[in-house]
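Comments concern the structure below.
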Amino acid sequence: MEPPKIWRERKERYLGIGIMCEDCKKKNFPKTRICPDCGSENVKPYKIAERGTLKYFTQIMNTGDELVFNTPYVVGLVELEDGIKVTAQIVDCDFKDLKKGIKLEQTFRVIARNGKEGLIKYGFKFRPI
Amino acid sequence: MSNEVYIIGTGQTKFGEFFDLNIGDLASEAVSKAIKNAGIGKNEIRTLFIGSTVSNSLSQSSIGGICTRSCSLSSNAYRIESGNASGAAAFHHAFLSIKSGLYDVVVVLGIDKLSDYVQNGTIEKILASSIDYQWEYEMGATLTGLYSFLTQAHMEKYGTTLEQLAYIPTKNHQNGVLNPKAQYRYAIPIEKFLNAKRIADPIGRFDIATPCDGAAAIILASERYIENKKTHSYKVKILSSSVGSDTLALQHREKLTELKATKIAANDAYHKAKLTASDINLAEVHDSHPIGEILAIEDLGLVPKGEGGKASVEGLTALNGKITVNPSGGLKARGDPFGATGIAQLIEIVEQIRGNAGKRQVNDVQYGLTQNVMGTGVMSYVSILGRGEN
Ligand SMILES: [Zn+2]
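As given, the protein sequences belong to chains E and Y, one line each in that order. Per this note's numbering, residue 1 is the first one in the first sequence, and the count goes up by one each step. Per this note's numbering, residue 130 is the first one in the second sequence, and the count goes up by one each step.
As structure tokens, then:
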């Protein structure tokens, strides 16, 4: 929860910016300086798809300090429409009503809180469409 | 003369909650016992390799000097970190140091002290350090949450059931009853696992290994040293020590129905030991979550892919079944002081090969295999030990 870290990750966390490789055409998230698939330095920023499908999900009862305020919450592995997979919280739904394969869309939310007076970290979660 | 590497001594603390002992106390007990067991002098030790996930506290990450002072050693010391597999990683490097011809006698110590930290807070953060902290943990996942995805993937593809999964901790607790070093020496009926509250559905609150305190040490020696000394009554040969890797985050993997790192490590370990999976009838594997043991026995080739659950229910992996898996009680019943776990697995195999395993002794042990996993399988270490000629 260090301020420089939150600032450094702003494009990825707030805008979902990853990379697309100009050589092998693969898309990757989060960004890396060179393409993790082929090693090319010829990569450009790429905004990941905002919709996807729920692959796996579970309800988290126990977690680390910064996320405990949110428990119980649902976390899922989401396959986006562009093939990229991300891990994120699934919100605006009941765990017991969720089903694998449902369609989801990105939504901007509070991700973590550093105590009552510390920084609030924002980022993306997903909700059923 | 070839450059074979042998285990000539072992020592271990009991695993559990020891509020009155610090990291130096635990290190000292394990290392002193191992030195005594090996019958060597302290001044013969060249290096102390320490496998530790969180060491003494979040502030003293360099614990080499703490351990050498507590153990009254004048050797150099390294801390090697590979998440939950730090013990196996340290063992691998200790093995390499002798295999290379550089050293003749070294100690490897696995150690962690986790009872100082609270669950549902710090422990989950520590475990998050061996998954993708930024893009899995900070997004909401936990190690157990990710193991839930691995469990679901296996259930979906192979029809593995909750009943089959619950057989794993049930069996390991039965074995733990027979292990004096285990934290939990009692059996738990299968219904208790099945009826427990889900903490990351389908994983229940009793399914997971408990982080605790403990230390375990092994003395390794070169063939050259053993030839000169001729003092060791029972030495165990390291036939192979191998490692495989995969992506840190599950979201970057193509398949969640196997641990690729385990398959890579196992293939290399069998090849170097000139053995196949069918030669193995004893294994200590990473059962931090029930699916971990199922994936392990499948990806090590001990049972056909997809049949790990069925094999467990049929008793194939029970004590003195076709392949005894986790006779020590595994991480589940022995307790899991992260860095000490990989070393405790190896010590169990040594005790079995030496015929010192008491009531949990496996019949006809020629070889034994260990598998220790970091995170959800970003690194997996596989070692095979065998009888050394007397
Ligand atoms: Zn590329």
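Even glycine gets a Cβ: it sits at the ideal position worked out from N, Cα and C.
- Approximately 6 angstroms separates the beta-carbon atoms of Y/Tyr510 and Y/His221; this is inside 8 angstroms, confirming the contact.
- Note that the region 239 to 259 of chain Y does not touch the region 352 to 369 of chain Y; fewer than 3 beta-carbon pairs, one per stretch, sit closer than 8 angstroms.
- Remark: fewer than three beta-carbon pairs, one from each stretch, lie closer than 8 angstroms, so the region 470 to 477 of chain Y and the region 418 to 438 of chain Y are not flagged as touching.
- In this structure, E/Asp37 has its CB closer than 7 angstroms to one or more heavy atoms of ligand 1.
- Secondary structure at E/Gln59: strand, using DSSP grouped into helix, strand and coil.
- DSSP places E/Thr107 in the uninterrupted beta strand (DSSP E) bounded by 103 to 113.
- Using a C-beta cut-off of 8 angstroms, the region 280 to 296 of chain Y makes no contact with the region 396 to 404 of chain Y, since fewer than three inter-stretch Cβ pairs fall below that distance.
- In chain order, Arg382, Val507 place their CB closer than 8 angstroms to the CB of Y/Thr376, counting only its own chain and leaving out the 5 sequence neighbours on each side.
- In this structure, the beta-carbon distance from Y/Arg334 to Y/Ala325 falls below 8 angstroms.
- In this structure, Y/Phe144 sits near Y/Lys310, with a CB-CB distance shorter than 8 angstroms.
- In the structure shown, Y/Ile136 adopts extended strand secondary structure according to DSSP, grouped into three states.
- The way I'd put it, the region 33 to 42 of chain E doesn't touch the region 55 to 64 of chain E; fewer than three beta-carbon pairs between them come closer than 8 angstroms.
- Between the region 135 to 153 of chain Y and the region 99 to 117 of chain E there are fewer than three inter-stretch CB-CB distances shorter than 8 angstroms, so the stretches are not counted as touching.
- The continuous alpha helix (DSSP H) containing Y/Val442 extends over residues 437 to 442.
- For Y/Leu379, the nearest beta carbon of chain E is closer than 8 angstroms to its own beta carbon.
- If you check each beta-carbon in the region 393 to 409 of chain Y against every beta-carbon of chain E, none falls closer than 7 angstroms.
- Membership of Y/Asn249 in any beta strand (DSSP E) is not indicated, and neither H nor E is assigned to it by DSSP.
- Taking 8 angstroms as the threshold, the shortest C-beta distance from Y/Ile328 to chain E falls below it.
- Contact check between the region 488 to 496 of chain Y and the region 256 to 275 of chain Y: fewer than three CB pairs, one atom from each, fall below 8 angstroms, which does not count as touching.
- The alpha carbon of Y/Met503 has as its nearest neighbour, out of Y/Gly373, Y/Glu443, Y/Ala270, Y/Asn449, the alpha carbon of Y/Gly373.
- For the beta strand (DSSP E) assignment, the uninterrupted runs of no fewer than 3 residues enclosed by the region 213 to 292 of chain Y are, from N- to C-terminal side, 234 to 242.
- When Y/Glu267, Y/Thr142, Y/Asp233 are compared, the shortest CA-CA separation from E/Lys5 is found for Y/Glu267.
- Short note on Y/Ser371: C-beta not closer than 7 angstroms to any heavy atom of ligand 1.
- Between Y/Arg208 and Y/Ser188, the gap from beta carbon to beta carbon reaches 8 angstroms or more.
- What E/Lys44 touches in chain Y, judged by beta-carbon distance under 8 angstroms, is nothing: the nearest beta carbon there is about 20 angstroms away.
- For Y/Lys171, there is no enclosing alpha helix (DSSP H), since its DSSP letter is neither H nor E.
- At a threshold of 7 angstroms, E/Asp23 counts as near ligand 1, since its beta carbon sits closer than that to one of the ligand's heavy atoms.
- Per DSSP, reduced to three states, the secondary structure at Y/Asn501 is strand.
- In this structure, Y/Ala156 lies away from Y/Ala345, with their beta-carbon atoms at least 8 angstroms apart.
- Proximity of Y/Asn213 to chain E, defined by a Cβ-Cβ separation below 8 angstroms, is not satisfied.
- By the CB criterion at 8 angstroms, E/Arg127 and E/Cys93 fall inside the cutoff.
- Taking one beta carbon from each stretch, the region 230 to 244 of chain Y and the region 6 to 25 of chain E have fewer than 3 pairs nearer than 8 angstroms; the two do not touch.
- When secondary structure is reduced to three states using DSSP, E/Cys38 falls in the coil class, being assigned neither helix nor strand.
- Going by DSSP, Y/Asn205 is part of the beta strand (DSSP E) stretching over 205 to 209.
- Placement of the Cβ of E/Lys31 at a distance of 7 angstroms or more from every heavy atom of ligand 1 is found.
- Contact note: E/Ile60 reaches chain Y through Gly269, Thr271, Gly274, Ala329, using a C-beta cutoff of 7 angstroms and chain order.
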